[in-house]
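Asks:
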Amino acid sequence: DGGITQSPKYLFRKEGQNVTLSCEQNLNHDAMYWYRQDPGQGLRLIYYSQIVNDFQKGDIAEGYSVSREKKESFPLTVTSAQKNPTAFYLCASSSRTGSVFGQETQYFGPGTRLLVL
Amino acid sequence: GIQVEQSPPDLILQEGANSTLRCNFSDSVNNLQWFHQNPWGQLINLFYIPSGTKQNGRLSATTVATERYSLLYISSSQTTDSGVYFCAGGPNEKLTFGTGTRLTIIP
């Protein structure tokens, strides 16, 4: 079955702790994205990657870090510098099809809910 | 950056009714997508529609790029249509999302 998996489903963070959220896709997509969703709000882009070993900051990158060592994996680390990390985190991917890159359908994983203890 | 406004914010309908959801953009976009978020948080892509009209079963969407708005039509609503509908747009892969329309279908 092709798709995007995220783990864990729920994650609890203590003060001063870094935590890493996993995102894996087997769709052979080149581009991957991380979004944050707060209650009653839309999604905001944290980081995105168009190709292995390259990634770009989104609108709210402060306090987060990412890596893209493999095409199928795009983990997100929520660092202790992120003072308000409680949110729903969604990973997405898209393929480089068509004549213009950056305009492809995005597919989402099931999400990770991060709570601060 | 681009501002995305969705209306109405909430919509409650009887099963079988039709509805129209609107999305306005503050600037031109080359990438425009509609999503449905179910009560468990999963987002499903409904349409990639930077211009023109598309249909998929009971759902259809129309984007008038020159006037910077898009419409999502849902006909013969079913309870499974409940959830939040988001539009998102941008010049390229960087999408800006609206705050959504929460649709509740009553049996």
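Those protein sequence lines, which keep their order, are chains A and B. The first sequence lines up with residues 156 to 272 when you count with the working numbering. The second sequence lines up with residues 9 to 115 when you count with the working numbering. Here a beta-carbon is modelled for each residue, glycine too, at the ideal position from N, C-alpha and C.
If the criterion is Cβ atoms closer than 8 Å, does the pair G97 of chain B and L111 of chain B meet it?
Replies: The Cβ atoms of G97 of chain B and L111 of chain B do not sit closer than 8 Å to each other.
Asks: Could you tell me which chain B residues have their CB closer than 9 Å to the CB of Y203 of chain A, listed as they occur along the chain?
Replies: E101, K102
Asks: Would you verify that the beta carbon of T107 of chain B is, or is not, closer than 8 Å to some beta carbon of chain A?
Replies: yes
Asks: Classify F167 of chain A: buried if its beta carbon has 16 or more other beta carbons within 10 angstroms, exposed otherwise.
Replies: Burial call: exposed.
Asks: Identify the residues that DSSP records as bridge partners of S249 of chain A: which are they?
Replies: A:A186
Asks: Which chain B residues are close to A186 of chain A, counting only those with a beta carbon under 8 Å from its beta carbon?
Replies: E101
Asks: Tell me where the beta strand (DSSP E) around F229 of chain A begins and ends.
Replies: It is not in any beta strand (DSSP E) - F229 of chain A carries neither H nor E in the DSSP assignment.
Asks: Beta-carbon separation of Q196 of chain A and M187 of chain A under 8 Å?
Replies: Not closer than 8 Å, so no.
Asks: For S162 of chain A, report the span of its beta strand (DSSP E) as first-last.
Replies: 159-162
Asks: Quick check: does the Cβ of D35 of chain B come within less than 7 Å of any heavy atom belonging to the ligand ADP?
Replies: Ligands displayed in this structure: none; no statement on the ligand ADP is therefore possible.
Asks: Give, in chain order, every residue of the region 41-63 of chain B whose Cβ lies closer than 9 Å to some Cβ of chain A.
Replies: Q41, F43, Q45, W48, G49, Q50, L51, I52, N53, F55, Y56, P58
Asks: Is A96 of chain B helix, strand or coil by DSSP?
Replies: In the three-state reduction of the DSSP assignment, A96 of chain B falls in the strand class.
Asks: Can you tell me whether P115 of chain B is buried or exposed, with buried defined as 16 or more other CB within 10 angstroms of its CB?
Replies: exposed
Asks: If we require 4 or more residues per run, which alpha helix (DSSP H) segments fall completely within the region 31-108 of chain B?
Replies: none
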